[in-house]
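**Student:** Quick one: the structure is below, questions incoming.
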Amino acid sequence: MRRFLLALPLLCGWSFPEARAEVLFVVNSMDPGIQVLDVATRTELRQIPVLREPHHLVLSPARDVLLVGDSGGNEILFIDPATGELRKRERIANPYNLEFSPDGKTLVVTGLRRDQVDIYAWEAGTASLSLLGRVKPGDMPSHIAYRPDSKLAYVTVQGSRSIAAIDLETRQVAWTLQVGREPAGIIWHNGKLLIGVMGSDHVAVVDPEARRVERTIKVGRGAHALFPSPGGGPIYVTSRVDSRITALDPATLDIMRVYEVPGGPDCISFDERGRLWTTLRWARQVGLLDPETGEVSTAPVGRSPHGILFQARNLAPRADATAAR
């Protein structure tokens, strides 16, 4: 593996480059903060401080606000993805993970430590949240997926070995299903739910209509999260214990290729060339995987990097920054 050196932070103020830029937002859970890195130089552009223990991040439906959950600090940070500027902080109970519904109207937030799922209305014009309801689906709710019509959210419940389907209109648990020890990542794919069973070594394929596990796919110990590539390409699955990333055929879910990626790959974000940026949870690094060649290069970051977001866009002065994707 090749290693990139990370330049020292800029000490006399900073800004993103005026020309077209590619940046990474990296959420470090144990060195609490959000690093903003210039992809071309691996230079740290900024450190955004947090209170205690951030984990996950998500772009707003309009892609003009980046929300980062500080689980231990009990707040969500609202960041301008075009400038890296921290816009505001909002007190939210234990925001471990967060995902917007497909229709862009709802934000579901899981509280892993507090065993709760909060459902918020999202006001895009003001980037504000209004609590609609709270659900208690079991022990350690974790990751989130949605039915395409935005009527149901599906949450993995790690301590209960289950997934919970939550009706977003009644804000009640519609049903639960046992899927295996410590289920983590979950996505909706072609009418099925795909779940990384972290306490084992496989992906569980669930038929949500029949409410049964219809298939398992062995991908490696610590099967964690799933990431569909842009344009309908492979689905990539991270396995933190066996330190690998597995590519699944999106049509058949058969294994296409396995990439050995030391350091405990966790979350993935794709760049415009289809390469995979991944946080390496145990190695204080981010990795860049070229899926064509299998080559992996790394750059150092903080302790226990978790969430990650690649951003590429034409940067403009803040007053004109309406084209951020």
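FYI, our numbering numbers position 109 of the sequence shown as 109, with every residue one higher than the one before it. For glycine and all other residues, C-beta sits at the position ideal for the given N, C-alpha and C.
#1: Considering W282, what are the terminal residues of the beta strand (DSSP E) in which it resides?
#2: Please identify the residue among D266, T110, V36 whose C-alpha is closest to the C-alpha of G84.
#3: Is G33 closer than 8 angstroms to G302 when the C-beta atoms are compared?
#4: Once you ignore the five residues that flank G138 on each side, which residues in its own chain have a CB closer than 8 angstroms to its CB?
#5: Run the CB neighbour count on A204, radius 10 Å, all protein chains shown included, and call it buried at 16 or more, exposed below.
#6: Taking the continuous beta strand (DSSP E) assigned at N28, which residues delimit it?
#7: Which residues does DSSP pair with R329 in a beta bridge?
#8: Just curious, the beta strand (DSSP E) that M256 is in, first and last residue?
#9: With a threshold of 8 angstroms on Cβ separation, who are the neighbours of A93 within its own chain once the five nearest residues in sequence on each side are excluded?
#10: Are there 16 or more other CB atoms within 10 angstroms of the CB of S130, so buried, or fewer, so exposed?
#11: Alpha carbon to alpha carbon, what distance is there between D103 and W122?
#12: Does the separation of the CB atoms of S150 and S101 fall below 8 angstroms?
#13: Return the residue from the list Y154, W282, T278, L51 that minimises the CA-CA distance to I245.
#14: Which residues does DSSP pair with I92 in a beta bridge?
#15: To which residues of the same chain is G294 closer than 7 angstroms at the C-beta, ignoring the five residues directly before and after it?
#16: From the DSSP secondary-structure annotation, give me the bridge partner or partners of A192.
#17: Are the CB atoms of V50 and L77 nearer to each other than 8 angstroms?
#18: Going by DSSP, what residues sit across from K218 in a beta bridge?
#19: Check the DSSP bridge columns for A164 and list the partner residues they point to.
#20: Can you look up P183 in the DSSP assignment and give me helix, strand or coil?
#21: Label V128 either buried or exposed according to how many other C-beta atoms from any shown protein chain fall within 10 Å of its C-beta, with 16 as the threshold for buried.
#22: Going by CA-CA distance only, name the one from V261, E214, P81 that's closest to A21.
#23: Work out the CA separation of G307 and Y96 for me, nearest whole Å.
#24: Counting only the same chain and skipping the five closest in sequence on each side, list residues whose C-beta sits under 7 angstroms from that of H224.
#25: Contact check, R221 vs D242 under 8 angstroms by CB: the rounded distance?
#26: Around the C-beta of Q178, are 16 or more other C-beta atoms found within 10 angstroms, so that it is buried, or is it exposed?
**Tutor:** Let me spell this out:
#1: Looking at the DSSP string, W282 is not in any beta strand (DSSP E), and its letter there is neither H nor E.
#2: V36
#3: yes
#4: D115, V157, G159, S160, S162, A164, T176
#5: buried
#6: 21-28
#7: Nothing can be reported for residue 329, as the shown portion of the chain is limited to 1 through 325.
#8: 255-260
#9: The residues are N74, G111, R114, Q116, D118.
#10: exposed
#11: 11 angstroms
#12: yes
#13: T278
#14: Note: I92 sits in no beta bridge, so no partner.
#15: Y259
#16: Before going on, a small fix: residue 192 reads as Lys here, not Ala. Paired residue(s): H189.
#17: For the pair V50 and L77, the CB atoms are nearer than the 8 angstroms cut-off.
#18: H202
#19: V155, T176
#20: strand
#21: In the sequence as presented, Val is not what sits at residue 128; that position holds Ser. Sixteen is the threshold: since fewer than 16 other Cβ atoms of the shown chains lie within 10 Å of the Cβ of S128, the residue is exposed.
#22: P81
#23: 11 angstroms
#24: A184, G185, G196, M198, T238, S239, R240, D266
#25: With a contact defined as Cβ atoms closer than 8 angstroms, R221 and D242 qualify at about 5 angstroms.
#26: Q178 comes out exposed.
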